[in-house]
Each structure stands twice: as C-alpha cells, then as structure tokens.
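The block underneath contains the structure these notes are about, expressed in structure tokens.
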Ligand code: XMP
C-alpha cells in the first residue's frame with residue numbers, strides 16, 4: 193500500500209537514476225506546498241545540484257518573501273531569491289482588466305525566471321511541482337484552469353535551453369503531497385498554507401495596481417490572516433484573504449469626516465476550490481478584525497464580509 197516513506201525512497205531513487213551525475217536542475221519555487229515538496233525531494237536526491245529560484249513579484253503577502261526565503265535556506269535548499277517587484281509594478285502600470293493583469297504578471301514572471309535560469313551553468317532539467325489535479329486541469333478547456341495553467345507554464349524556456357522536464361509529484365493528490373512534505377519535515381506553516389493564486393494580490397486589488405495599494409492590502413490581509421491563526425480558525429477554512437475595492441466611502445474619525453478605501457474579507461470552505469461556501473466565521477471574530485483593520489491601517493475606513501458562495505461567485509474577485 194502507498195506510504196509517504198515508500199514514495200520518498202522510490203522517488204529519490206528514480207530521480208538519481210534519471211538525472212545525470214553532472215546535470216543541474218532548475219525549479220521555480222512559489223512558497224506553496226507543491227513546489228516546496230518537489231524541492232525537498234529533489235534536494236534529497238541531488239543536493240546542491242538543485243537550483244531553486246524564488247521570485248518576489250511584489251504581490252506576495254506581507255513579509256512573505258523574506259520569511260519563505262528564510263525557511264528555504266533553513267532547510268538547506270540551494271535557493272536564489274530574486275526581488276523583481278518593480279519590474280512587475282512597471283508591467284502592470286495602468287492596467288485594470290483582470291485578464292490583462294494576469295497576462296502581464298505571467299509574462300513578467302517568465303522574463304524574470306528565464307533570465308535567472310540562464311545563469312545556471314550545466315542546467316539540463318526544469319523541475320515542476322505539478323500534481324495530479326493539475327495534470328487533469330490542463331486538459332480542461334474552460335474556467336480558470338486555463339489561466340492557471342498558463343501561469344504555471346514557463347514559456348519557451350525548455351526548448352530555448354534544451355531542458356527536459358521533471359515532475360516528481362505528478363501522480364499525487366494534494367493530501368498525499370502534504371504527507372510527503374510532512375515526512376520530509378517541511379515546516380508546518382508551509383505545509384498547511386492556504387492556496388494562494390500565482391498573480392497574488394494583483395487580482396485582489398480591483399482595478400489598477402500601485403505599490404501604495406499593495407502596502408495597504410498587505411497590512412489589512414495580515415491582520416485578517418493572523419487573526420484566523422490566533423483564533424484557531426485558519427485550518428478550518430480552505431482559503432482566506434482581503435480584497436481592496438476600487439471605491440471610497442465616507443466615515444468619521446474623531447470629529448473629522450474621512451473618505452477612504454473599503455476592504456472586503458473573503459473566507460471560504462471547500463474541498464477542491466471548484467465549489468465553495470462562504471465561511472461562517474463568528475461575529476465576534478469579524479468584529480475584532482474589522483476594528484483592528486480600521487484602527488491600524490490608515491487609508492481604510494470600512495470593512496465588509498463577502499457572503500457569496502461559488503458558484504455563482506468565484507473565490508477571487510477578479
Ligand atoms: P476562483 O476565483 O476561480 O479560484 O474561484 C479558484 C482557485 O484558483 C485560484 N486562482 C488562481 N490561481 N492563478 C492561480 O495560480 C490564477 O490566475 C488564479 N485565479 C484563481 C484561487 O485562489 C482559488 O484557490
């Protein structure tokens with residue numbers, strides 16, 4: 193029967209047998225479970241010949257770039273962090289259409305990743321954290337799967353650099369990936385991380401993106417997510433986050449009238465993200481988070497909670 197220990201042993205052996213002794217392998221890391229587990233497996237098999245690349249697209253959660261890079265280094269992984277935030281902001285300047293924003297982010301990611309990958313001498317392989325549901329999704333023709341796939345794709349790199357693809361998690365479901373990650377001692381905070389879209393906060397800031405808006409949203413989102421963790425609610429929801437709305441509303445602060453931004457909180461329960469229900473979070477918890485955001489994040493004077501299920505609403509707002 194399948195056990196994570198057996199899987200690790202046989203996959204490590206397979207990887208060692210397949211990847212030539214001098215071959216270098218490139219892997220794009222996202223901070224998510226899949227790419228992290230793929231990295232640990234490959235690291236176990238070939239050590240420093242695995243070259244991880246972790247790109248900061250400027251659209252990650254608050255402090256996530258530094259924290260995740262630090263965790264990877266703590267695991268002994270050979271990972272290079274690339275802060276390309278400004279490049280992403282430049283490519284997004286003035287764009288408001290969700291699909292155009294996704295395309296710009298995807299294109300910039302490929303440019304940055306290609307550039308970094310080409311610095312790895314002796315690279316023969318491109319590793320990917322593809323899991324079984326991704327394999328199925330990539331043959332579907334409708335819905336966000338296509339967009340997701342286009343983000344996961346690494347452009348023309350495999351042909352250009354003559355790289356072969358290695359996907360050690362291709363046969364696994366998410367829960368099996370988590371079991372393998374647990375066996376390989378992936379830290380809990382990565383292992384149980386909520387799904388987070390590739391385009392990140394870029395599709396949670398409705399309308400055009402500026403570094404100032406990213407900063408506002410990062411701070412509101414961090415209050416929400418930390419609150420969920422402190423109250424033992426984080427693991428009870430499938431995914432959660434804050435959306436920055438492109439409207440301003442009137443409020444009062446002391447005896448002054450304010451005219452500031454609105455944040456919508458979204459938390460859902462789900463099995464696979466295909467359908468989802470809004471999470472019935474306790475009112476007291478929502479009240480606390482709302483107060484904290486409005487008191488601590490200057491520029492936001494109103495917080496609303498999204499009570500829409502999927503379908504017909506999607507999990508993300510864009
Ligand atoms: P929706 O909003 O379609 O989201 O209900 C379903 C799941 O997919 C994630 N998502 C994305 N992931 N690139 C990604 O990598 C994308 O463009 C994208 N759009 C949505 C979303 O976070 C949820 O987990």
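Numbering (full-length UniProt numbering), first residue to last: 193 to 510. Glycine residues also receive a C-beta, built at the ideal position from the N, C-alpha and C atoms.
- Considering only 419, 215, 395, 232, the residue with the shortest C-alpha distance to residue 284 is 395.
- Between the segment 227 to 237 and the segment 359 to 379, the count of C-beta pairs closer than 8 Å reaches three or more; the two stretches touch.
- Counting only runs of 3+ residues, the beta strand (DSSP E) found wholly inside the segment 447 to 493 occupies 448 to 461, in chain order.
- When DSSP states are grouped into helix, strand and coil, residue 203 belongs to the helix group.
- Note on residue 328: under 16 other CB atoms within 10 angstroms of its CB, so exposed under the neighbour-count rule.
- Leaving aside the five residues that flank residue 385 on each side, the residues in its chain whose CB is nearer than 7 Å to its CB run, in chain order, 224, 225.
- Listed in chain order, the beta strand (DSSP E) elements of length 3 or more contained wholly in the segment 283 to 324 are 315 to 319.
- When 354, 377, 249, 308 are compared, the shortest CA-CA separation from residue 316 is found for 354.
- If you look at residue 255, you'll find it isn't in any beta strand (DSSP E); DSSP assigns it neither H nor E.
- Short note on residue 431: C-beta closer than 7 Å to some heavy atom of ligand 1.
- Assigned with DSSP and collapsed to three states, residue 275 falls in strand.
- Within the DSSP bridge table, the entry for residue 502 names 468 as partners.
- Secondary structure at residue 429: coil, using DSSP grouped into helix, strand and coil.
- When distances are taken from the beta-carbon of residue 323 to the heavy atoms of ligand 1, even the shortest one reaches 7 Å or more.
- A residue is called buried once 16 or more other Cβ atoms fall within 10 Å of its Cβ, and residue 365, having fewer, is exposed.
- For secondary structure counted as the alpha helix (DSSP H) over 4 or more consecutive residues, the segment 364 to 389 holds these complete runs in sequence order: 366 to 375, 380 to 383.
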